[in-house]
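Remarks on the structure that follows.
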Amino acid sequence: MTTFNDRERAFEAKFAADEDLQFRITARRNRLLGNWAAEQMGLTPAETDSYAKSVVQADFEEAGDEDVIRKLLGDLVSAGVEIDELGVRAALEAKMVEARRQYIEEAN
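If you're matching positions, the sequence shown starts at 35 in the numbering used here and goes up one per residue.
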């Protein structure tokens, strides 16, 4: 029975580690996305940092990416940037790839 309990604890530990890694990558993606959007809107460096933090915070409103997409799309359109939901989703995917790449590079 000890072997079964050890395996169960190992699976739980791996699951927790995987969830933590995914959370960190998603938070990094959101920060990169916030920096990208701020650049599109022509914000200053101080405003960019603040805006990127607000994008990270927006992801805590609901599960999934829809809250982040809604925020970015609303802010970009309000700032007069020509973009649609598809453009925001494309940027989100590109920044996810970049965030994963950065984590891999840091790990090595």
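We treat Cβ as the ideally placed atom computed from N, Cα and C, and that holds for glycine. If you're wondering where the values come from, they're calculated on a predicted model, not measured in any experiment.
| Item | Value |
| --- | --- |
| Between the alpha carbons of Gln74 and Glu139, how many angstroms are there, rounded? | 27 angstroms |
| Please classify Ala44: does DSSP put it in a helix, a strand, or coil? | helix |
| I'd like the span of the alpha helix (DSSP H) that includes Thr82, first residue to last. | Pro79 to Ala92 |
| Give the single residue among Tyr137, Tyr85 and Asn142 whose Cα lies nearest to the Cα of Arg62. | Tyr137 |
| Which word fits Gly98, buried or exposed, when buried means at least 16 other C-beta atoms lie within 10 angstroms of its C-beta? | exposed |
| Locate the alpha helix (DSSP H) running through Glu119, then write down its first and last residues. | Glu119 to Ala141 |
| For Ser86, which residues from the same chain have a beta carbon less than 6 angstroms from its beta carbon, with the 5 sequence-adjacent residues on both sides left out? | Looking at the sequence provided, one finds Ala at residue 86 rather than Ser. Only Arg65, Gly68 and Asn69 meet the Cβ criterion. |
| Can the beta-carbon of Ala71 be found less than 7 angstroms from the beta-carbon of Thr82? | no |
| Quick one: measure Cβ to Cβ for Lys105 and Val90, integer angstroms, because I've assumed they're closer than 8 angstroms. | About 11 angstroms separates the two Cβ atoms, so there is no contact after all. |
| Quick one: is Asp93 buried, meaning 16 or more other Cβ sit within 10 Å of its Cβ, or exposed? | buried |
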